[in-house]
Structure formats: C-alpha cells, structure tokens
Amino acid sequence: MKMLMAANWKMFKTREEAADCARGIENRLAGLPADREAVLFAPFTALAACAGALGPGARLRLGGQNCYPAAEGAFTGEISPGMLLDCACSHVLVGHSERRALLGESDAFVGKKCAFALNAGLNATLCIGETLKERDGGMLRPVLERQLAEGLSEVPDDVTSERLCIAYEPVWAIGTGRVAGTAEILEAHALVRAFLRKRFTARGNAMRILYGGSVKPDNAEQIINLDNVDGVLVGGASLQAETFARIALAGVSD
Ligand code: PEP
C-alpha cells in the first residue's frame, strides 16, 4: 500500500498563485519514495492552471474538493466527476467537515457523491470526523460508524483498495493548531480499519486511512508512523510549497 500525502487548498489561490505553488511542490518532490503518492486538491478554478503547470507525468496528482452526484444537468454551481476528469483530476474529496457544517451536507448525500465519483472513474477520499461535543459526549464510535456506513452505502463491494481512501479528520483539530494526540489517532484509525474490514473484507485491510487536522512539518513523521495511518490530508500547511513538500517527504532521509 502506498502512503498518500494530500494537500487541500480549500478556497485559496488565484490561478497564477496556484500554478506557481503546484510547480513549487512538484519540483520538491523529486525525492518522493516509490511507496508514496502526493495529491493536490485545488479549487475548481485553479485546476486547469495547475494541470498546465504540472504537465503530463507529474508526481503530484490533481483532485477536486467536491463533486455533484450526476453526470450533467440543471445543478447550478455544481461540478460533475466528468468535469474533474476533464481537468486532469484523478481524485476527489467528499464529505469534508467544512461542507458538512457550512453547507449542510448530509451523510446520505455524501454517500451518493462517493459512489458516483468512484463509478465515474475518480479515486474518492471520504472525509469523516467527530466534533468536540460528540467526542466529549462519548459519541466517537457511533458518529464515525454512521458516517462510514452512510458514506460507503452505495460504494460497490468490489471497489479496489487503491481507489477509496478514508480521511479521519476530527473537526476540533482542523485549522485549530490542535493536533489529535497519539492515543486519539490510534483509537479512531483502528475503529475505521475494523469497519473497512467488515465492509470490504480483505480489501479493507489495504484501503488507506489518512489523518487530517493541523498536520505540520514537525508532527508529520510521528503521525505517519502510527498504526493504521496511511498518509495525511493537510490544509493550512499545504499552502506553501516548501512546507507541504517537507510534510510529503517526512521521515525520508536525503
Ligand atoms: C483540512 O482542511 O482537511 C485540514 C486538515 O486542515 P488543517 O490542516 O489546516 O487543519
């Protein structure tokens, strides 16, 4: 299983800034080991510019931060998986907590996107995570299991393990500078792994589970060395090429 090091730029960067930064990341990824992949989830408006800056054969792959579960139609403001493929994307994020909280995306809707994106040919990363209130209320397991059950409910049983990732992102750790502790990450990732095994049998062992939430160059190596952590999803610290590249290359000696 290759580790996945992913950048989520959220709603940042003009086309020019995005092209410069994507190029800057790519130039620093020459030493990315063969057992790691890097993906950039850029804003829709910057995808074509990033694709142009990276060119074919780049190590840094591209992804959309969201998609709508239909091929085309009267869905003003939305983007289809086919449109992402057309912009050289191979990946898509679904269910980011900011979209769940700010735009009211339900587990069921996220599940439709996940299955539709996979069926359309994109690799999907399903984001899950509990709020602080849910965690403090002893709801970690039921919340994660509900998000997984509904988020994966329409995903074909035979989906290959490389095409589906889960990103565990505790909401209280996103953009707060408060990274989850080792025990918290281990507990949540073990829970996700058990769910994946049950849902996808042996293939569930090989699906990647990313950690996201205030990952920085100085904590990345420790996080990716934890059991059942198969990569990271990085927001704020991915906005500078050098910082993200240091995370992507964490623990790799020169
Ligand atoms: C994210 O946006 O998915 C994220 C993890 O953000 P940050 O790294 O800034 O906490």
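For what it's worth, our numbering labels the leading residue of the sequence shown as 735, then goes sequentially. Cβ atoms here follow ideal geometry from the backbone N, Cα and C, with glycine treated the same way. Bear in mind the structure is a predicted one, so any value in this text is a computation, not a measurement.
- With respect to A842, E884 sits close: the two C-beta atoms are nearer than 8 angstroms.
- In the same chain as G965, and ignoring 5 residues on each side of it, the C-beta atoms closer than 6 angstroms to its own belong to M737, L738, M739, R942, L944, in chain order.
- Contiguous beta strand (DSSP E) elements confined to the segment 800-884 occur at 825-828, 857-862, taking only those with 3 or more residues.
- For G911 against S887, the beta-carbon gap comes to about 34 angstroms, at or over 8 angstroms, which does not count as contact.
- G798 places its beta carbon less than 8 angstroms from that of L781.
- The Cβ neighbour count for P815, taken over all protein chains shown within 10 Å, is at least 16; the residue is labelled buried.
- Annotation for V968 indicates a beta carbon within 7 angstroms of some heavy atom of the ligand PEP.
- Note that the segment 905-924 does not touch the segment 836-855; fewer than 3 beta-carbon pairs, one per stretch, sit closer than 8 angstroms.
- L796 is positioned such that its CB atom lies no closer than 8 angstroms to that of A772.
- The three-state reading of DSSP puts G786 in helix, counting H, G and I together.
- In this structure, DSSP gives I908 a state outside helix and strand, which the three-state scheme calls coil.
- In the three-state reduction of the DSSP assignment, F775 falls in the strand class.
- For the set F778, I862, G791, N939, the Cα lying nearest the Cα of N800 is the one of F778.
- Using a cutoff of 7 angstroms, the CB of V826 does not count as near the ligand PEP, since none of the ligand's heavy atoms is closer than that.
- In the structure shown, the three-state DSSP call for L738 is strand.
- In the displayed model, A901 falls within a strand according to three-state DSSP.
- Under a 10 Å Cβ-count criterion, S987 is classified as exposed, with fewer than 16 other Cβ atoms of the shown protein chains found around its own Cβ.
- With contact defined as three or more Cβ pairs closer than 8 angstroms, the segment 859-870 and the segment 889-904 are in contact.
- In the structure shown, the three-state DSSP call for R793 is coil.
- Sorting R749, P904, E955, V893 by C-alpha distance to the C-alpha of V877 places P904 at the top.
- The C-beta distance from I957 to G985 rounds to 10 angstroms, too long to fall under 8 angstroms, and the pair is not in contact.
- The beta carbon of K846 sits closer than 6 angstroms to those of P803, all from its chain and outside the five residues before and after it, given in chain order.
- Comparing alpha carbon positions, the residue from L973, R980, R933, L925 closest to V963 is L925.
- A contact is defined here as three or more CB-CB pairs under 8 angstroms, and the segment 921-940 fails this definition with respect to the segment 972-981.
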